[in-house]
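S.K.: In terms of UniProt numbering, the sequence shown is residues 1 to 175. Please find one structure pasted underneath; my questions will follow.
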Amino acid sequence: MEEVISAVETNRLRLVPLSREQLDLYLLNDGSLERQMGVGYSMKEINPDLQSGLQEHFIPLVAQHPDAFYFFTLWSIVLKEENVLVGDICFKGAPDEDGQVEIGYGTYDAFQQRGIMAEAVGALLSWCQHHPNIKLVLAETEAGNTASEKTLLKNGFQCYHKGRDNSWWKKRIKN
């Protein structure tokens, strides 16, 4: 059985992997998750792709993999100074047989341009360095999303494929 993860912390941030029950509260988007976590409510928009992804993939996979749920859930990002949720970060599944894992992330509108996501990605990368099965971290950005590209560049990612609609990035964690 793998170690249970409660949070990953930096000076400013706390990344909290959400349980199955917390994912249900997240989808309600009515402040119940924040009350349960003991943080202030901040306005967030749950886009349709995220909503369907949570309902169809994340929630069932968290239930199926309780010992490694952190690879299948959202990690809520708490800005400790304000004690409020400011964004989300996630893995898009467990590492494959080559040790590759993909991440995704988003900062709530009111908290953009503050370096929060660059710090959160860095914290998750540090966590990945201590996980024995992770060797390479991947990420995808939409064309024109320079903020996301800067987040990855600040964390040492290299672009390895540019398409018309998106770019793919990688960061080697270990050989």
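C-beta atoms are modelled at their ideal positions from N, C-alpha and C, and glycine is treated no differently.
Secondary structure at Ala118, three-state DSSP: helix, strand or coil?
M.R.: In this structure, Ala118 counts as helix in the three-state DSSP scheme.
S.K.: From which residue to which residue does the alpha helix (DSSP H) around Asp88 run?
M.R.: That residue, Asp88, is in no alpha helix (DSSP H); its beta strand (DSSP E) goes Val84 to Phe91.
S.K.: Any contact of the region 93 to 102 with the region 129 to 140, i.e. 3+ C-beta pairs under 8 Å?
M.R.: Taking 8 Å as the limit for Cβ pairs, the verdict is that the region 129 to 140 does touch the region 93 to 102.
S.K.: By alpha-carbon positions, which one of Gly40, Arg14 and Cys90 ends up nearest to Leu23?
M.R.: Closest option to Leu23, Cα to Cα, is Cys90.
S.K.: Counting only runs of 3+ residues fully inside the region 14 to 90, write out the beta strand (DSSP E) ranges in chain order.
M.R.: Complete beta strand (DSSP E) runs here, min 3: 74 to 79.
S.K.: For Val84, I'd like the list of residues in its chain whose CB is within less than 6 Å of its CB, leaving aside the five on either flank, ordered along the chain.
M.R.: Hits under 6 Å: Val39, Gly40 and Ser42.
S.K.: Can you look up Ala94 in the DSSP assignment and give me helix, strand or coil?
M.R.: Correct three-state label for Ala94: coil.
S.K.: With respect to the alpha helix (DSSP H) encompassing Ser6, which residues constitute its N-terminal and C-terminal limits?
M.R.: It is not in any alpha helix (DSSP H) - Ser6 carries neither H nor E in the DSSP assignment.
S.K.: Ignore the nearest five residues each way along the sequence and tell me which others in Lys174's own chain have a CB closer than 6 Å to its CB.
M.R.: Only Lys135 meet the Cβ criterion.
S.K.: Less than 8 Å between the beta carbons of Val137 and Ile103, yes or no?
M.R.: Yes, these two residues count as a Cβ contact at 8 Å.
S.K.: Leaving out five residues on either side along the sequence, give the residues of the same chain with a beta carbon under 7 Å from the beta carbon of Leu61.
M.R.: So the qualifying residues of the chain are Phe72.
S.K.: Have a look at Ser76 and Asp49 and give me their C-alpha separation to the nearest angstrom.
M.R.: The alpha-carbon atoms of Ser76 and Asp49 are separated by roughly 17 Å.
S.K.: When DSSP builds the beta bridges, which residues end up paired with Ile103?
M.R.: Phe91 and Ala139.
S.K.: From Thr146, Glu142 and Leu153, pick the residue whose C-alpha is nearest to that of Ser167; which is it?
M.R.: Comparing Cα-Cα distances from Ser167 to each of Thr146, Glu142 and Leu153, the minimum goes to Glu142.
S.K.: With distances taken from CA atoms, which of Lys171, Ser126 and Cys159 is nearest Val8?
M.R.: Among Lys171, Ser126 and Cys159, the Cα nearest to that of Val8 belongs to Ser126.
S.K.: Between Glu140 and Glu149, what straight-line distance do the alpha-carbon atoms span, to the nearest angstrom?
M.R.: About 9 Å.
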